[in-house]
Every structure is written in structure tokens, then in C-alpha cells.
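Visitor: Using the working numbering, read the sequence shown as starting at -18 and increasing by one per residue.
From the three backbone atoms N, C-alpha and C, an ideal C-beta is built for every residue, glycine too.
Just so you know, these numbers come straight off a predicted model, no measurement behind them.
Handing you this structure, nothing more for now.
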Amino acid sequence: MPDTSPPELKLETQLCFSVYSAAHAFAQAYKQHLEPMGLTYPQYLVMLLLWDQDGRSVNALGQPLHLDSGTLTPLLKRMEKAGFVTRQRDAHDERITRIYLTPHGKSLQDKARAIPEALLCASGLNLDSLFDLRDQLTEVGRSLREK
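Next comes the structure, spelled out in C-alpha cells:
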């Protein structure tokens, strides 16, 4: 069958496919490290935010992850059921739900410390290249969200 697609419509020329493919590969690589801890990749992202600042509101978790409360709430309920976090109403404003790490959730931080280096090694990039790529992808995401 003859190739009739113009070059700009070929799968292998699409930036979105390269990003999608890399994101899928990252998710699979993270899965190897997260499964033994009982975490999924989205849960790991929430844990990163809570290890940095415990007691964040649901909105304060959703904003940097670009998730609305309708998506985040079921994720947090599963995390609570697994014993990683507790959900509590804010003492000053009942409309706000705050998320706190449990002792078990806090203990996972030590186990997670090795993950970034393991992923760096698996990526085949040096640290400077990885930081450059991260910065470029962050800028692309920011630009696309502003459109």
C-alpha cells in the first residue's frame, strides 16, 4: 500500500507522540519502584507534595498536579483506605479538606529517596541533560495551558 500521508501527519513526526511515548515509558519505569511500596504513579505525585508540605488542602494538591477535585478526591480516598493519608476538615473553614500523611505515609519517604536516581540511570541521560529536558517540557506545558 503506498504511503500517502504528508510528513507533518506521520506519527513519528509528532511531538505529542514523543511526549506520550516517553510519559508511558516513565510510568512503567516508576511502576517497578512504586508497586512494592503500594503506590501508583498519581499517588506518588501526591506523596511528593505532602512530603514537601504536609496538611495541604485538596485544592493546593490539585493545582500543581493540574487535577480538579472531582479527579483528586477518589484518588485521595483510595490513599486514605490504603493508610497513606488522612482527610480532615480545616479547623477554621469547614469547606476546606486538608490532607495529612499518616506515620505509614511518612515512612515511605525514606524508601522513595532512591527513585529519582534510579530513573536518572534508566533514562540514559546525564543530570544536566535531564534538567534541561525537564525545564523545556515545563515551558511547553506552561505555554500550552496559557493558550
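Run through the region -11 to 20 for me and flag every whole alpha helix (DSSP H) of 4 or more residues, listed as ranges in chain order.
Guide: Those alpha helix (DSSP H) runs which fall completely within the region -11 to 20 and span 4+ residues are -4 to 15.
Visitor: Alpha carbon to alpha carbon, how far is Val74 from Ser38?
Guide: Counted from its first residue, the sequence shown places residue 74 at position 93. Counted from its first residue, the sequence shown places residue 38 at position 57. For the record, residue 74 in the displayed sequence is Asp; it is not Val. Rounded to whole angstroms, Asp74 to Ser38 spans 11 angstroms at the Cα level.
Visitor: Taking a contact to mean a Cβ-Cβ separation below 7 angstroms, would you say Thr83 touches Gly64 in this structure?
Guide: Walking along the sequence shown from the start, residue 83 turns up at place 102. Walking along the sequence shown from the start, residue 64 turns up at place 83. Contact flag set, yes.
Visitor: Just tell me which of Leu29, Pro45, Thr21 has its CA closest to the CA of Arg123.
Guide: Within the sequence shown, numbered from 1, the residue matching residue 123 stands at position 142. Looking from the CA of Arg123, the closest CA among Leu29, Pro45, Thr21 belongs to Pro45.
Visitor: Do the region 84 to 96 and the region 14 to 26 meet, that is, are 3 or more Cβ pairs less than 8 angstroms apart?
Guide: yes
Visitor: Using beta-carbon positions only, say whether Leu111 and Leu101 come within less than 7 angstroms of one another.
Guide: The sequence position of residue 111 within the sequence shown is 130, counting from 1. The sequence position of residue 101 within the sequence shown is 120, counting from 1. In this structure, Leu101 lies closer than 7 angstroms to Leu111 by Cβ.
Visitor: DSSP three-state call for Thr52: helix, strand or coil?
Guide: Taking the first residue of the sequence shown as position 1, residue 52 is located at position 71. Thr52 falls in the helix class under three-state DSSP.
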